[in-house]
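In this note's numbering, the protein residues as written are 5 to 402.
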């Protein structure tokens, strides 16, 4: 099974054509993009440079983020994802604590290497101040709470180091929460420790991220929290039926009642059902052919499959459909951007291929009749509101 999965990954990463398209971006859209704080709540730069180091303070080949492209797109506050693979948790493992520190170090190194371009942001005030200075803020969120390792002391330590949200679980259930991807629902939502962790996160000013968790864990987190929560990089189940990783309409209504925000993921498989169907058909074919002919021939079959069945990339319009649906369901005050750049490989929409494309998004919103004020809420205002509320609650709790 492992070899089959690796072949699927190879087929997608190697054979999918780069198919970027552009819409006409007006001077007004460009101006709005560059005069507004654009906050993207999930970009996987730290793990990207951990696997293969590149200097993102300069132009890079490949990847979705670097300084020149961020400047071109008007991106001012990309949350650096401190991503810990689910396999780091388990007996005899360190829960990813060391890796988390290494990835945080890498973010600090980016800022130290180019202090005229970047600065680590620890608060909403930092983001506003650094924006006025013409610097790109680098706030951090931890994707997968494994490094908390059953310890409030670890939670406080990572908050001290700059982590401002924690995604409770990732692709497997952990000691905090069940995962939407994991068929084992050992906790039926949150663990006993996870239920204690939510109020402690409130108390110290750590945002609670419910992306990746099971539906039961989502609702339990909302019952326990005293502050708004975020979905740092999720999209809508309405457009991807059966994909629990995304949120359904009742969850979005509950999130809005909580005052939280859903940050729309750009990955094609998150915003459209067609890529998942494509991958499932390819996987099934590879499993069949691999069992019959072996891995080498299966790879050739994967290439032929792609040539005859091009990967169905989503588009800017697909992403806008998700934004429209949230707006029509609960209003514009609960929508933001969590692209998952550098985290979803070559599966990004045709016209949102990297961080330089944010003016396209702004233009698309303008074309659909969004006001400047509403666009500013989506680009950063809604998330900053939630972050500020979390900060204020923590200040009162001391």
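Backbone N, C-alpha and C define an ideal beta-carbon position, used for all residues, glycine too.
Under 6 angstroms Cβ to Cβ from residue i, same chain only, skipping five residues before and after it: list those, please.
{"i": "residue 78", "result": "37, 38, 42, 362"}
{"i": "residue 277", "result": "244"}
{"i": "residue 369", "result": "379"}
{"i": "residue 64", "result": "58, 70"}
{"i": "residue 249", "result": "184"}
{"i": "residue 174", "result": "90, 148, 216"}
{"i": "residue 260", "result": "334, 338"}
{"i": "residue 190", "result": "177"}
{"i": "residue 25", "result": "At residue 25 the pLDDT is 48, less than 50, meaning the model places this residue with poor confidence; the figure from the coordinates comes in the next sentence. Answer for residue 25: 354, 355, listed in chain order."}
{"i": "residue 383", "result": "40, 42"}
{"i": "residue 360", "result": "73, 76, 77"}
With DSSP as the reference, identify every bridge partner of residue i, one or two as the case may be.
{"i": "residue 147", "result": "87, 171"}
{"i": "residue 44", "result": "82, 341"}
{"i": "residue 387", "result": "None; residue 387 has no bridge partner."}
{"i": "residue 213", "result": "171, 234"}
{"i": "residue 267", "result": "340"}
{"i": "residue 275", "result": "In DSSP, residue 275 forms no bridge with anything."}
{"i": "residue 33", "result": "Bridge partners of residue 33: none, in fact."}
{"i": "residue 123", "result": "141"}
{"i": "residue 181", "result": "194"}
{"i": "residue 251", "result": "240"}
Just the Cα atoms here: how many angstroms apart are residue i and residue j?
{"i": "residue 164", "j": "residue 105", "result": "12 angstroms"}
{"i": "residue 171", "j": "residue 216", "result": "7 angstroms"}
{"i": "residue 318", "j": "residue 401", "result": "44 angstroms"}
{"i": "residue 397", "j": "residue 211", "result": "11 angstroms"}
{"i": "residue 116", "j": "residue 35", "result": "29 angstroms"}
{"i": "residue 114", "j": "residue 296", "result": "48 angstroms"}
{"i": "residue 314", "j": "residue 280", "result": "13 angstroms"}
{"i": "residue 124", "j": "residue 374", "result": "31 angstroms"}
{"i": "residue 392", "j": "residue 75", "result": "25 angstroms"}
{"i": "residue 325", "j": "residue 97", "result": "42 angstroms"}
{"i": "residue 169", "j": "residue 28", "result": "36 angstroms"}
{"i": "residue 93", "j": "residue 30", "result": "48 angstroms"}
{"i": "residue 389", "j": "residue 262", "result": "13 angstroms"}
{"i": "residue 252", "j": "residue 265", "result": "14 angstroms"}
{"i": "residue 47", "j": "residue 144", "result": "10 angstroms"}
{"i": "residue 275", "j": "residue 258", "result": "21 angstroms"}
{"i": "residue 206", "j": "residue 395", "result": "9 angstroms"}
{"i": "residue 167", "j": "residue 121", "result": "21 angstroms"}
{"i": "residue 237", "j": "residue 156", "result": "25 angstroms"}
{"i": "residue 182", "j": "residue 194", "result": "6 angstroms"}
{"i": "residue 214", "j": "residue 364", "result": "28 angstroms"}
{"i": "residue 83", "j": "residue 351", "result": "20 angstroms"}
{"i": "residue 99", "j": "residue 220", "result": "23 angstroms"}
{"i": "residue 246", "j": "residue 44", "result": "26 angstroms"}
{"i": "residue 387", "j": "residue 188", "result": "32 angstroms"}
{"i": "residue 186", "j": "residue 233", "result": "22 angstroms"}
Count the other CB atoms, across all protein chains shown, that sit within 10 Å of the CB of residue i; report buried if there are 16 or more and exposed otherwise.
{"i": "residue 322", "result": "buried"}
{"i": "residue 349", "result": "exposed"}
{"i": "residue 91", "result": "exposed"}
{"i": "residue 139", "result": "buried"}
{"i": "residue 70", "result": "buried"}
{"i": "residue 73", "result": "buried"}
{"i": "residue 282", "result": "buried"}
{"i": "residue 235", "result": "buried"}
{"i": "residue 129", "result": "exposed"}
{"i": "residue 66", "result": "exposed"}
{"i": "residue 399", "result": "exposed"}
{"i": "residue 312", "result": "exposed"}
{"i": "residue 377", "result": "exposed"}
{"i": "residue 6", "result": "For residue 6, the predicted structure reports a pLDDT of 33, less than 50, and the residue's modelled location is therefore unreliable. The matter cannot be settled from this model."}
{"i": "residue 119", "result": "exposed"}
{"i": "residue 284", "result": "exposed"}
{"i": "residue 137", "result": "exposed"}
{"i": "residue 340", "result": "buried"}
{"i": "residue 109", "result": "exposed"}
{"i": "residue 357", "result": "buried"}
Leaving out five residues before and five after residue i in sequence, what residues of the same chain have Cβ atoms less than 8 angstroms from its Cβ?
{"i": "residue 95", "result": "none"}
{"i": "residue 403", "result": "Since the first residue of the chain shown is 5 and the last is 402, residue 403 is not available in this structure."}
{"i": "residue 160", "result": "208"}
{"i": "residue 132", "result": "41"}
Among the residues of its own chain, which have a CB less than 7 angstroms from the CB of residue i, if the five just before and after it don't count?
{"i": "residue 197", "result": "154, 179, 180"}
{"i": "residue 134", "result": "123, 125, 141"}
{"i": "residue 256", "result": "266, 330, 333, 334"}
{"i": "residue 381", "result": "336, 337"}
{"i": "residue 328", "result": "372"}
{"i": "residue 112", "result": "124"}
Do the stretch 83–91 and the stretch 50–58 make contact, defined as three or more Cβ pairs closer than 8 angstroms? Short answer: they touch.
Spell out a yes or no on whether the stretch 224–238 and the stretch 201–213 are touching, meaning 3 or more CB-CB pairs, one atom from each, closer than 8 angstroms. Because the criterion of three Cβ pairs below 8 angstroms is met, the stretch 224–238 and the stretch 201–213 touch.
Do three or more CB pairs link the stretch 266–275 to the stretch 337–344 at distances below 8 angstroms? With the cut-off at 8 angstroms, the stretch 266–275 and the stretch 337–344 touch.
Touch check for the stretch 282–291 and the stretch 333–341: three-plus C-beta pairs under 8 angstroms? The stretch 282–291 is not in contact with the stretch 333–341.
Counting Cβ pairs closer than 8 angstroms, one from the stretch 232–252 and one from the stretch 296–305, do we hit at least three? At 8 angstroms Cβ cutoff, the stretches do not touch.
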